[in-house]
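Report on one structure; see the data block that follows.
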Amino acid sequence: MDLNLIMYLIPSLIMFGCGVYGFITRKNMIAILISLELMLNSVDINFVVFNRYLFPAQQEGMFFTLFAIAIAAAETAVAIAIIINVYRAAKNVDINQITKMKF
Amino acid sequence: MESLGNVIMYVIIALTIIVFSVLAVTTKKILRSATYLLFVLLATAAIYFQMDYEFLGATQIAVYAGGIVVLFVFAIMLTHKPGEDAAPITSHKRTLGLVACGAGVLLCGAAMLGYAKFCGQSLPSMSDFTIDSLGKMLLSTDKYGYLLPFEAVSVLLLACIIGGIVIARKR
Amino acid sequence: MPLSSTIYVLAIPLFMFLFLGLVGVKMPRKITGVIGVLGMAVTTVWAYAIAFTYFFGNGEGQMLDGVRQQVVATDWTWLSFYADKLVVKLGVLIDPISAMMLVVISTVSFMVHLYSLGYMSDHDGNPEKGFQRYYADLALFTFSMLGLVVSTNIFQMFIFFEMVGVSSYLLIGFYYGQQPANHASKKAFIVTRLADLFFLIGILILSFYTKTFDFKEIMGANGHDVCNAFTSAQGLTFMGCSVTAWALTFIFIGGAGKSAMYPLHIWLPDAMEGPTPVSALIHAATMVVAGVFLVARMFPLYVLEQGAMDIICVVGAFTAFYAAAVACTQSDIKRALAFSTISQIAFMMTSLAVSSANGKLLGGHEAGLGYMASMFHLFTHAMFKALLFLCAGAIIHAVHSNENSKMHGLHKFMPITSIAFLIGCLAIAGIPPFAGFFSKDEILVACYEKGIGWGLWMSMVAGMTAFYMFRIYYLIFFWKKHEVHGEHAPKDQPWTMTVPLIVLAIISCVAGFAPFGKLVTWDGAQLETHMNWPIAGASVGIALIGIGLATMMYWKENPLPDKLATMFKGLWTASYKRFYMDELYQFITHKIIFQSISKPIAWFDRTIIDGFFNLLGNVTNSASFGIRKMQSGNVQGYVSYYIIGAVLLAAVTGVVILCF
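Structure below.
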């Protein structure tokens, strides 16, 4: 049996779908952040797999992923700082609490 | 033909990703959710190893599994009482989520399967790509050099450190 | 004095306007008045020097083979478009009529400046409120009028035409606290603006065909060389008349508005709400002749368009009679003088218009007799009408009323004013040797040359002029003994007011002897004038009859005028009510224009146009109000919509790609 490109993309797609579902349904902001990480991770997998299977002579996808990881780390750190700040003000991390940015 | 070990490895990885992804977004306890995320991230690192990107896999484990998940755990412990259950998901939201997720997955899946016949080959061999050449590329300004994004990321990290402090500090 | 320094004649009043208008409020009122008078004195002397240089010098090419040339002293391109295809210039053009007008304007303006020092003060000699504004506006008016007469092109003339209108508006409405003054200033402005609209249309037509605004380019030197574009445009017709006739008629309508020709005269009697010196300066001596000046400036073109000339002729002759008829019954002395002004300006217009009828259009000297007579009358009329108005101002200042019923028998109290007024009356009536005799005689000669009917008609109007002027004179100074009201008996006014009267009276006595035929002619060549004794004698006779009638009726109190008034009650009332012209305008504007045109348009505007835009606004508003719920602040909601939208977009794209 060949392990081809599609076979790696399928778990990645399911991971992304789970991320979307979690992002929409969860109320807890940290859970939403976790869903976000899932989506980001599935995209990373795609980059690497495409790079490795289709353009093995070059390394752009790999570097993309490398930088994406770095940026994801930074983003998570800031997001968690914001969440903790919200928690300080609202005493919970419920996404429904922070709906001030509306009409 | 792939070696059998590889195929078994692939099956384990794929199953881990699928099962723990679903669990991560459906479990009621937030700490468990973070733990499942950790498993997913480790499985992802395993994919990288399978692709012969050892450095990337190591980074994935070090930064994601070692850094981000720990951050999550700290955040959860700061903001949650132990053993607290998440509020039940409303059916309206569940429907919306299922529709959005299902539609997206179906569409992408259909597109992917439509192109499946072009991706039939197995893993091609990679010309020698070592940590040494990776480091050189990362710090080079040539055609395939990544010094500028590297520096940009370093500035971004600095900004994040400062931003994190500014946002989270007590006023 | 080089002619190029004419620009300073304009610059001084402009500077005075800016200076008094901006800084004047900070200074004592009396000082601003003195500064204004001094500035005007310099302007006057300068203008005299320019006129002297032009008429009697020969250093700057103003005389060529015994023919007086037009001199462009200053020429400056203001605007230039389309690679110099459309050029608007500003400049100074000196020719006989503009040099003469410089003298007229500066003289009268200086006299009025001086006179106003006394007039615009109370009985203790303290200047009244708004004194600085008054002098600033006077300076602005003087500047605009001077700019008008030296214009090198018709566009510049239009600009100054408008500026003259604005300063007239400001000065009529000087007492802006009083409702009649406000109404009068608005009326004057709107009526003249309406006329100026026609003027502008005329300018556009004319310049469209001639491709230039410049007088010299259109008319050539002294009008001998009218440009080909004009003569070829005469061949083009629009609705049966040549386009140039339309253009010149429209330009005349503009002039008729400023010169108060029937039926655009209605603003002038109301303009008497302004201070009397203003009436003397603007509404008797200078601004109202702007229309005459305009026609005179374009005279070489009008000569070529007999149709336009005929219109001017008819309008002028009718206006002269109409205004004289109204002047016979007015009880407000300023209004009577105003109608007299209208009548006299109509004399000038008629004289210009008959001027072309002599057959020997180009080359013959007599061709320009009417033109010369018109300019002559403009000159003399400015002097004696300013005199009459200033006298009226002195009387009004003394008795605090415009109505002649409040005056009567003032001769004993105000002898200087009385004699000055008498001189003015004799001058306007055309009694030799006063100024009006000579100029009016020339006009009548020109009219008789056009046709015996025109001559008789104008002679009759001249007789009426004598009658109504002496009627006013007797009613003010004689009729019966003056009843003194209050403590102050009327007396001659302080020297600032009497000196201008005396100066103007002297000018009115001697101005008739000016050799106008040698100085001011339409083509610059000298015109030999000689007394036409039969016509002169007849006109003096008619004037004497008029004076005699007035003496009989108004010298001493007697019931004759009342008896006549009751006998011809309808006629008398109609004349007193100015033949219901104001009522007619009122009816036309309110009942016809406002009711049947403006109201439907206003309805259309408010309901349809406003309604359409209100509908747009309301629909947008309610639509936004309806969909604002989507902006819930719920990030997860946004993400769901985004993903669904992205999926739909991708699906549609995919389907499209697969199908085609």
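Residue numbers (numbering that gives the first Met the number 0), protein chains in the order written: chain Y, 0 to 102; chain H, 0 to 170; chain F, 0 to 659. Built from N, CA and C at the ideal position, the CB exists for glycine as well.
Can you list, in chain order, the residues of its chain with a C-beta nearer than 7 Å to that of H/Val-165? Leave out the 5 residues immediately preceding and following it.
Along the second sequence, one-based indexing puts residue 165 of chain H at 166. If we look at H/Val-165 and ignore the five residues flanking it on each side, it has no Cβ neighbours.
Are the stretch 125 to 142 of chain H and the stretch 8 to 20 of chain H touching, with three or more C-beta to C-beta distances below 8 Å?
no
State the Cα-Cα distance for the pair F/Ala-246 and F/Met-297, rounded to the nearest angstrom.
As a working note, residue 246 of chain F is residue 247 in the third sequence. As a working note, residue 297 of chain F is residue 298 in the third sequence. Cα-Cα distance, rounded: 11 Å.
8 Å is my cut-off, CB to CB: does H/Gly-108 come that close to chain F?
The residue given as residue 108 of chain H occupies position 109 in the second sequence. It does not: the Cβ of H/Gly-108 has no partner Cβ on chain F nearer than 8 Å.
With 8 Å as the threshold, decide whether the Cβ of H/Ser-95 is near any Cβ in chain F.
By one-based count along the second sequence, residue 95 of chain H stands at place 96. A small correction: the amino acid at residue 95 of chain H is Leu; Ser does not occupy that position in the sequence shown. True, the Cβ-Cβ gap to chain F drops below 8 Å.
Three-state class that DSSP yields for F/Asp-331 in the structure shown:
Here the question's residue 331 of chain F lines up with position 332 in the third sequence. Here F/Asp-331 sits in strand by DSSP.
Taking the alpha-carbon of F/Val-86 as reference, which of F/Trp-77, F/Ser-507, F/Leu-147, F/Asp-94 has the nearest alpha-carbon?
Mapped onto the third sequence, residue 86 of chain F falls at position 87. Minimum Cα distance to F/Val-86 is reached at F/Trp-77.
Helix or strand or just coil, what does DSSP make of F/Phe-18?
Translated into the one-based positions of the third sequence, residue 18 of chain F becomes position 19. Note: F/Phe-18 maps to helix in three-state DSSP.
Would Y/Val-92 count as contacting chain F if we go by Cβ distances under 8 Å?
Mapped onto the first sequence, residue 92 of chain Y falls at position 93. Not closer than 8 Å to any Cβ of chain F, the Cβ of Y/Val-92 fails to qualify, so no.
Beta-carbon within less than 7 Å of H/Gln-59's beta-carbon, same chain only, minus the 5 sequence neighbours each way: which residues are those?
Here residue 59 of chain H corresponds to residue number 60 of the second sequence, with the count starting at 1. Once the five neighbours on either side are set aside, the close Cβ partners of H/Gln-59 are Leu-40, Thr-43, Ala-44, Tyr-47.
How is the alpha helix (DSSP H) around F/Asp-609 delimited, first residue to last?
As a working mapping, residue 609 of chain F is identified with position 610 in the third sequence. Segment 609 to 626, the alpha helix (DSSP H) holding F/Asp-609.
Closer than 8 Å to chain F by CB, Y/Phe-22
Reading the first sequence from its first residue, position 23 is the one you call residue 22 of chain Y. Answer yes: the Cβ-Cβ gap between Y/Phe-22 and chain F drops below 8 Å somewhere.
Residues near F/Ile-430 in its chain [Cβ-Cβ closer than 7 Å; skip 5 each side]:
In the third sequence, counting from the first residue as 1, residue 430 of chain F sits at position 431. So the qualifying residues of the chain are Phe-436, Val-539, Ala-542.
Of all Cβ atoms in chain Y, is any one closer than 8 Å to the Cβ of H/Ala-74?
Here residue 74 of chain H is taken as the residue at index 75 of the second sequence, counted from 1. Interface residue, yes.
Tell me F/Met-661's beta-bridge partners as DSSP assigns them.
In this structure chain F extends from 0 to 659, so residue 661 of chain F is not present and cannot be described.
Quick check on this structure: which residue in F/Tyr-473, F/Pro-12, F/Phe-140 has the alpha carbon closest to the alpha carbon of F/Val-287?
What you label residue 287 of chain F is simply residue 288 of the third sequence in a count that begins at 1. Ranking F/Tyr-473, F/Pro-12, F/Phe-140 by Cα distance to F/Val-287 puts F/Phe-140 first.
Taking the alpha-carbon positions, what's the F/Gln-178 to F/Gly-164 distance?
Numbered from 1 along the third sequence, position 179 holds the residue referred to as residue 178 of chain F. Numbered from 1 along the third sequence, position 165 holds the residue referred to as residue 164 of chain F. In a straight line, the C-alpha of F/Gln-178 is about 20 Å away from that of F/Gly-164.
Name the residues in the stretch 622 to 654 of chain F whose C-beta lies less than 7 Å from a C-beta of chain Y; which are they?
Arg-627, Gln-630, Ser-631, Gly-632, Asn-633, Val-634, Gln-635, Val-638, Ser-639, Ile-642
For H/Cys-100 and Y/Val-19, believed in contact at Cβ under 8 Å, the rounded distance
Taking the first residue of the first sequence as position 1, residue 19 of chain Y is located at position 20. Taking the first residue of the second sequence as position 1, residue 100 of chain H is located at position 101. The Cβ separation is near 4 Å, so the contact holds.
Where do the ends of the beta strand (DSSP E) carrying F/Leu-89 lie?
Mapped onto the third sequence, residue 89 of chain F falls at position 90. Element bounds for F/Leu-89: 85 to 93.
With DSSP as the reference, label H/Cys-159 as helix, strand or coil.
One-based indexing of the second sequence puts residue 159 of chain H at position 160. Here H/Cys-159 sits in helix by DSSP.
Listing by chain order, which chain F residues have their CB less than 7 Å from the CB of Y/Val-19?
Residue numbering aside, residue 19 of chain Y sits at position 20 when the first sequence is read from its first letter. Going along chain F in sequence order, the residues near Y/Val-19 (Cβ under 7 Å) are Ile-642.
Complete runs of the alpha helix (DSSP H) confined to the stretch 293 to 318 of chain F [at least 4 residues]:
298 to 303
Quick one: using the 10 Å Cβ neighbour count with 16 as the cut-off for buried, is Y/Arg-87 buried or exposed?
Reading the first sequence from its first residue, position 88 is the one you call residue 87 of chain Y. Looking at its Cβ environment, which holds fewer than 16 other Cβ atoms inside 10 Å, Y/Arg-87 is exposed.
Under 8 Å between C-beta atoms, does H/Ala-102 make it to chain F?
Taking the first residue of the second sequence as position 1, residue 102 of chain H is located at position 103. Chain F, which has a Cβ nearer than 8 Å to the Cβ of H/Ala-102, makes this yes.
Out of curiosity, what's the CA-to-CA distance linking F/Leu-113 and F/Gly-290?
For the purposes of this step, residue 113 of chain F is taken as residue 114 along the third sequence, with counting starting at 1. For the purposes of this step, residue 290 of chain F is taken as residue 291 along the third sequence, with counting starting at 1. Cα-Cα distance, rounded: 27 Å.
Express the C-alpha separation of F/Phe-160 and F/Leu-147 in angstroms, rounding to a whole number.
Sequence index remark: in the third sequence, residue 147 of chain F carries index 148 (1-based). Sequence index remark: in the third sequence, residue 160 of chain F carries index 161 (1-based). Roughly 6 Å separates the two Cα atoms.
Three CB pairs or more closer than 8 Å across the stretch 318 to 335 of chain F and the stretch 392 to 407 of chain F:
yes
Please check the pair F/Phe-433 and F/Ile-422, which I expect to be a contact at CB under 8 Å, by giving their CB distance rounded to whole angstroms.
Within the third sequence, the letter at position 434 stands for residue 433 of chain F. Within the third sequence, the letter at position 423 stands for residue 422 of chain F. That belief holds up - the Cβ atoms of F/Phe-433 and F/Ile-422 are roughly 7 Å apart, short of 8 Å.
Could you check where the alpha helix (DSSP H) with F/Trp-478 kicks off and where it finishes?
As a first step, residue 478 of chain F must be located in the third sequence, where it is residue number 479. That residue, F/Trp-478, is in no alpha helix (DSSP H); it is neither H nor E in DSSP.
Run the CB neighbour count on F/Trp-521, radius 10 Å, all protein chains shown included, and call it buried at 16 or more, exposed below.
Residue 521 of chain F sits at position 522 when you count from the first residue of the third sequence. Burial call: buried.
Are the C-beta atoms of H/Ala-86 and some chain F residue less than 8 Å apart?
In the second sequence, residue 86 of chain H corresponds to position 87, counting from 1. Chain F, which has no Cβ nearer than 8 Å to the Cβ of H/Ala-86, makes this no.
Simplified DSSP state of F/Phe-515, which is helix, strand or coil
Residue mapping note: residue 515 of chain F aligns to position 516 of the third sequence, counting from 1. Note: F/Phe-515 maps to helix in three-state DSSP.
Is the CB of Y/Ala-75 under 8 Å away from at least one CB in chain F?
Looking up residue 75 of chain Y in the first sequence gives position 76. The displayed chain sequence assigns Thr, not Ala, to residue 75 of chain Y. Not an interface residue.
Using a Cβ cut-off of 8 Å, pull out every chain F residue sitting near H/Ala-23, in sequence order please.
Position 24 of the second sequence, counted from the first residue, corresponds to residue 23 of chain H. Simply none; closest approach about 17 Å.
Under 8 Å between C-beta atoms, does H/Thr-140 make it to chain Y?
Your numbering for residue 140 of chain H matches position 141 in the second sequence. Output row for H/Thr-140: interface = no.
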